[in-house]
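Asker:
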Ligand SMILES: Cc1ncc(COP(=O)(O)O)c(C=O)c1O
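In this note's numbering, the protein residues as written are 107 to 484.
(1) Relative to ligand 1, is the shortest distance from any of its heavy atoms to the C-beta of residue 177 smaller than 7 angstroms?
(2) Are residue 398 and residue 406 closer than 8 angstroms when you measure CB to CB?
(3) Report buried or exposed for residue 344, applying the criterion of at least 16 other Cβ atoms within 10 angstroms of its Cβ.
(4) Going by DSSP in three states, residue 218 sits in which element: helix, strand or coil?
(5) Do residue 142 and residue 158 have their beta-carbon atoms positioned less than 8 angstroms apart in this structure?
(6) Below 8 angstroms CB to CB, which residues in the same chain sit around residue 371 once its five sequence neighbours on both sides are set aside?
(7) Looking at C-beta atoms only, is the number of pairs between the segment 145-154 and the segment 336-352 that lie closer than 8 angstroms three or more?
(8) With 16 other CB atoms within 10 Å as the buried threshold, where does residue 548 fall?
(9) What are the boundary residues of the beta strand (DSSP E) that includes residue 458?
(10) Leaving out the 5 sequence neighbours to the left and right, which residues in its chain are closer than 6 angstroms to residue 243 when beta-carbon positions are compared?
(11) For the segment 412-466, list the beta strand (DSSP E) runs that are entirely contained and at least 3 residues long, ordered along the chain.
(12) Any heavy atom of ligand 1 closer than 7 angstroms to the Cβ of residue 345?
(13) According to DSSP, is residue 266 part of a helix, a strand, or is it coil?
(14) Using only alpha-carbon positions, find the residue among 185, 213, 177 and 187 that is nearest to residue 201.
(15) Once DSSP output is grouped into helix, strand and coil, what is the label at residue 185?
(16) What first and last residue would you give for the alpha helix (DSSP H) that runs through residue 205?
(17) Return the CA-CA distance between residue 310 and residue 376, expressed in angstroms with no decimal places.
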């Protein structure tokens, strides 16, 4: 009986196995912990400053400013550019709520534009149709680890004079036209939430930008709006990335590229195993884009039934996202185009994310793919 239970447990494929990812780094992580504790410096110390330099160099931007979360990174990036009451900010309805919460936290009004059905990212044509006389910014989410159509959005931003902010929470390490995502807009927001491709052991975030004035304002906004301690100039937050998290992230950052490569290899194997199977749509990769597969998300019909059958076969899956933002009470006051947001609505009913983490073995990918094919063909 016990042996059977053990066998069944071995057959479980978790959605993400952070323990397996961290195990080989345990000595370095423990040493980082001891160094910070013995340094006695816990807030905005040497590790935060060094990580800011390392992330700026990795992304190819002039500046990086550590903050307490990805949510604060988006909110404070908007604030750093003076976006606030009276302004409209356009974004996707098919994203985590934090993208649009941040607009409201800054005091502006969110406005939703539909997504491209192939990439799940905001459609620049829909953005153009959604522009109002008050549009100050567009937040493009690089969803699931792939760049939005940032080149077209950049051209639109230049033509119509609005800011382009990237919500790069899910796409650290991805590129478009050889440039890192997060560096193609006026500012890019990063999340270090534990499950992200580069995650810490709690909450953390960062804003990257080439704009020196915006970076300086961010450094003030994260400490109560006081560029000089005890001299408050504007309303800010207490939003700092802490020293311990920065030290852990510095241990993990050198591994990010190899982890992202492993995610791409897993995705490539899924693509070939699932290709041509009726009822399964595998993720599309845009020209010039290097996807880092924070999620490997397929479309299937009868998603809930398929999901239950996968769970019964020991395969954990996830749904990002089950309800589009414009259908949620918090966003009742957001603007929705007359044409509706039909692609976002359709996606919420069909998307299914499969395990894709770098710790996943080839055999596990094969088992997930076989279980999915079986469930879909029933
Ligand atoms: C697309 C997106 N935007 C924003 C966030 C917010 O990041 P955080 O949880 O670090 O505040 C997340 C992640 O949680 C996210 O996936």
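Beta carbons are placed, not taken as given, at the ideal position from N, Cα and C, and that holds for glycine.
Answerer: Let me spell this out:
(1) yes
(2) no
(3) exposed
(4) strand
(5) no
(6) none
(7) yes
(8) The question about residue 548 has no answer, for the chain in this structure spans 107 to 484.
(9) 457-460
(10) 189, 195, 268, 269 and 271
(11) 457-460
(12) no
(13) helix
(14) 177
(15) helix
(16) 203-211
(17) 31 angstroms
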